[in-house]
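Novice: My questions will all concern the structure given below.
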Amino acid sequence: MDLLNAETRTVSSLSSSEAFAMFELYKRYYDACDQARFEADLNGKDYVVLLKDVEGIFRGFSTLAVYRFEYEGTPRRALYSGDTVIHHDYWGSQALPLAWCQLAGRIKAEDPDIPLYWFLIVKGHRTYRYLSVFSRRFYPTWRYATPADTQAIMDHLAREKFGEHYNAQRGVIHFDRSHGHLKPDWAVVPSHLQRKPDVNFFLQRNPGYAHGDELVCLTELCAENLRSHALRAFQAAMT
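Each residue of the sequence shown is one higher than the last, beginning at 10 in this note's numbering.
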């Protein structure tokens, strides 16, 4: 069901009441969170996709920052996804994926010749599964090994952002004290889902997800690598 309206905003345009409404939704699903840390993280982002129902009530959001970096002497950019929350009554809605791909397309159009990546750190299997919906090739996955040059980009981005909290051997971000993890009721993965290859892979690679560990993931955002639904929204926004 698509009973949600998506609106893309700059973070700087948010009012204090809007930021608080986002935090209220976030803490419904996550433990080990406080408002100051949430707002500091939010203020470090460039864009937010807001989801509201027909009555204008906040039902979800996803934050995003644009990073510029160089690898092997080539300028590149990455979209770093921050907090993403959707009210469980609206799981399955396509409003967020569509709006996110449109935003990515607009950002790609700003510098179409510079490689653009999606740098995603994943706390839960639902978010990890977005990668296979959006992309033909993404990393890491059970389907194939991560190429050395791709792993080097992942390591570079993770170290730049998280420093010593990035465990390159495991490919995971770990804090001694959680910076936010799913509440137990939402962290449990039903047995029938655990048998799915993508879910099983995520659980194997990030066994500490329930305590706040995050799996570092990467995919390139380009026409050749996006699947049809994501590609249509991405290309439409580039024209």
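Just so you know, even glycine gets a beta-carbon here, dropped at the ideal spot from N, CA and C.
Going by beta-carbon coordinates alone, are residue 217 and residue 42 separated by less than 8 Å?
Specialist: Cβ atoms of residue 217 and residue 42: not closer than 8 Å.
Novice: Since residue 131 and residue 202 are thought to touch, with beta carbons under 8 Å apart, how far apart are those beta carbons, to the nearest angstrom?
Specialist: Their Cβ separation, rounded to whole angstroms, is 15 Å, which puts residue 131 and residue 202 out of contact at 8 Å.
Novice: Please state if the CB of residue 159 and the CB of residue 210 are separated by a distance shorter than 8 Å.
Specialist: No; because the gap between Cβ atoms is not below 8 Å, this pair is not in contact.
Novice: Could you tell me how far apart the beta carbons of residue 32 and residue 88 are, in whole angstroms, since I believe they sit closer than 8 Å?
Specialist: The pair is not a contact, with the Cβ atoms about 22 Å apart (cut-off 8 Å).
Novice: List the endpoints of the continuous alpha helix (DSSP H) containing residue 27.
Specialist: Element bounds for residue 27: 25-38.
Novice: Counting beta carbon pairs with one atom in the region 161-175 and one in the region 90-108, are three or more of them shorter than 8 Å?
Specialist: With the cut-off at 8 Å, the region 90-108 and the region 161-175 do not touch.
Novice: For the region 115-126 against the region 21-40, are there 3 or more C-beta pairs whose distance is under 8 Å?
Specialist: Touching, no.
Novice: In chain order, what residues of the same chain lie with their CB nearer than 6 Å to the CB of residue 246, ignoring the 5 residues before and after it?
Specialist: 111, 114 and 115, listed in sequence order.
Novice: With DSSP collapsed to three states, give me the class of residue 122.
Specialist: Coil.
Novice: Give a yes or no on whether the C-beta atoms belonging to residue 251 and residue 212 are separated by under 8 Å.
Specialist: Nothing can be reported for residue 251, as the shown portion of the chain is limited to 10 through 248.
Novice: Find out if the Cβ-Cβ distance for the pair residue 102, residue 13 is shorter than 8 Å.
Specialist: In this structure, residue 13 lies closer than 8 Å to residue 102 by Cβ.
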